[in-house]
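Mind the numbering: the sequence shown is residues 1 to 214 in the UniProt record's numbering, read in order. Note that CB positions come from ideal geometry on N, CA and C, so glycine has one too.
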Amino acid sequence: MEIQRARRRRVFDTGFIDPRRVNVAMLDQYPQETEDNLVHLLKAQHYKMFILLPYNTEFHWVLLLFDLSACTVNVYDSMDKKKSTFDKVFELIDRAWYRFRHLVRDNWRERLRRRFKFPCAKQKQGTNLCGYYVCEYCHCLADQIITTRELDFIRMRDNLTTHKEFIAAVQEQLMGFINEEILDPKGEFYYDGNTIHRSLASELAASTTTTSKS
């Protein structure tokens, strides 16, 4: 959802990593493949200033923001878990970064710095709403990247005065995306059962028409 939003707003200096490619389950079962995935994704987006990776560890979602210009990874965590919680993923990041620096030559730091416990919205004790908070972090950071570039704290939406309003806002945004982009036949991600995506089908049709004319 945020990838599409960034693209439509012509925000090209912010990248995203699909959490299905880099996650704790993949890391446990396929450590080398996960490391290869991260190296590939960093290399493919090395020209970006920021890369966002939602990450789940110990049944808890956080947002890892790679600030490539500062060679830093910022950890946005709604529960401020202890740093050791992230040892495994940072071991992965360190290995991937070492390989990345040798593939993409630039003035990179030898090791990425880590920054924890940012002043951002925190979830209430006893709730399991960390995924909602990561969605909100992504949404608000995307705006800050465009406007201020100051990412030391997240400016949450000012009109959300209660916890319920905050959760409802994320739900409404997600449902709006599903209705407009997935369920609507005109949506970018609408799927009608065909194996060929509509945009690809139109490209093939155009190519066929051009070939027949020539």
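Would residue i pass as an interface residue toward chain D - the criterion being a Cβ-Cβ separation below 7 Å?
{"i": "Phe59", "result": "Judged by its chain identifiers, the structure shown contains no chain D, having just a single protein chain."}
What first and last residue would you give for the beta strand (DSSP E) that runs through residue i?
{"i": "Thr22", "result": "First, the amino acid is wrong: residue 22 is Val here, not Thr. First-last for Val22: undefined, no H or E at that position."}
{"i": "Ile51", "result": "50-57"}
{"i": "Leu68", "result": "Neither: Leu68 is in no beta strand (DSSP E) and is coded neither H nor E."}
{"i": "Arg111", "result": "Segment: none, Arg111 is in no beta strand (DSSP E) and carries neither H nor E."}
{"i": "Thr14", "result": "14-16"}
Residues in its own chain within less than 8 Å of residue i by CB, not counting five upstream and five downstream?
{"i": "Arg113", "result": "Ala70, Cys71, Thr72, Val73"}
{"i": "Cys130", "result": "His60, Trp61, Val62, Ser78, Met79, Gln123"}
Check whether the Cβ atoms of residue i and residue j sit closer than 7 Å, and answer yes or no.
{"i": "Leu53", "j": "Leu64", "result": "yes"}
{"i": "Phe50", "j": "Thr14", "result": "yes"}
Would you mind working out which of the options sits nearest residue i, comparing C-alpha positions?
{"i": "Asp28", "options": "Gly15, Thr14, Thr57", "result": "Thr57"}
{"i": "Phe16", "options": "Pro31, Gln45, Thr127", "result": "Gln45"}
{"i": "Arg95", "options": "Glu110, Leu68, Lys81", "result": "Glu110"}
{"i": "Phe59", "options": "Leu68, Phe86, Tyr47, His40", "result": "Phe86"}
{"i": "Phe116", "options": "His102, Met79, Glu91", "result": "Met79"}
{"i": "Met26", "options": "Leu92, His139, Tyr98, Pro119", "result": "Leu92"}
{"i": "His139", "options": "Thr127, Gln125, Asn128, Cys120", "result": "Cys120"}
{"i": "Tyr47", "options": "Pro185, Asn107, Phe118", "result": "Asn107"}
For the alpha helix (DSSP H) containing residue i, name the first residue and the last one.
{"i": "Cys40", "result": "Per the sequence shown, the amino acid found at residue 40 is His instead of Cys. Where His40 is concerned, the enclosing alpha helix (DSSP H) stretches over 31-44."}
{"i": "Trp97", "result": "87-103"}
Please confirm if the segment 72-85 is in contact with the segment 19-36, defined as three or more CB-CB distances below 8 Å between the two stretches.
Flag = no, the segment 72-85 and the segment 19-36 do not touch.
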